[in-house]
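Structure first, then comments.
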Amino acid sequence: MIIPPSINWHITNKCNMNCVYCFAKFRDVKGILPKEIALKIPSQLVELGIKKINISGGEPFLYPYLNDIIKECKKCGLTVGIISNGSLLTQSLIKEISKYVDWLGLSLDSCNEDVQDKLGRGKHIKIFSLLELARCIKNEGMRLKINTVVTKIECA
Numbered sequence: 167m168i169i170p171p172s173i174n175w176h177i178t179n180k181c182n183m184n185c186v187y188c189f190a191k192f193r194d195v196k197g198i199l200p201k202e203i204a205l206k207i208p209s210q211l212v213e214l215g216i217k218k219i220n221i222s223g224g225e226p227f228l229y230p231y232l233n234d235i236i237k238e239c240k241k242c243g244l245t246v247g248i249i250s251n252g253s254l255l256t257q258s259l260i261k262e263i264s265k266y267v268d269w270l271g272l273s274l275d276s277c278n279e280d281v282q283d284k285l286g287r288g289k290h291i292k293i294f295s296l297l298e299l300a301r302c303i304k305n306e307g308m309r310l311k312i313n314t315v316v317t318k319i320e321c322a
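Residue numbers (my numbering): 167 to 322.
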């Protein structure tokens, strides 16, 4: 079995959460990758033989040109995935990006609201909201991935 080459693109360091376990403790991130440069990257990746791109961050939906990037990725023939904490997603945004995104990953670290809160996610988005987003993602024809970070907090 040959696995097609893929790349993880951390498109921004900005994040709207403060998860206790996160390695990325970026504060006051000022600069962003200019749109003109970002739009060149998908075709360059294809020239290098990349077939699949996983866009993450920080929180990728904080990057102002994300829609332009995913459109360019799809135009170049890349399989496109996005990993998000889900806090900025809406049903209309999911519908809009479904034309260009093959799969969407949501972060869910516990099915217990108290644990979600302790980890730093529950203050921004509730489990029920994530489940509704998951249903919407599936209804729009995208594959769904759930990302979980296991810590001793939820194992206690």
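We put the beta carbon where it would ideally sit given N, CA and C, even for glycine.
- When secondary structure is reduced to three states using DSSP, L244 falls in the coil class, being assigned neither helix nor strand.
- For the pair K240 and D275, the Cα-to-Cα distance works out to about 30 Å.
- Under the criterion of beta carbons closer than 8 Å, T178 and L228 qualify as touching, at roughly 6 Å.
- Short of 8 Å from the beta carbon of E306, and not among the five residues preceding or following it, lie these beta carbons of its own chain, in chain order: I260, K261, S264.
- Taking a 10 Å sphere around the C-beta of S250, we find 16 or more other C-beta atoms and assign the residue as buried.
- If you check the CB distance, C302 and Q257 come in under 8 Å.
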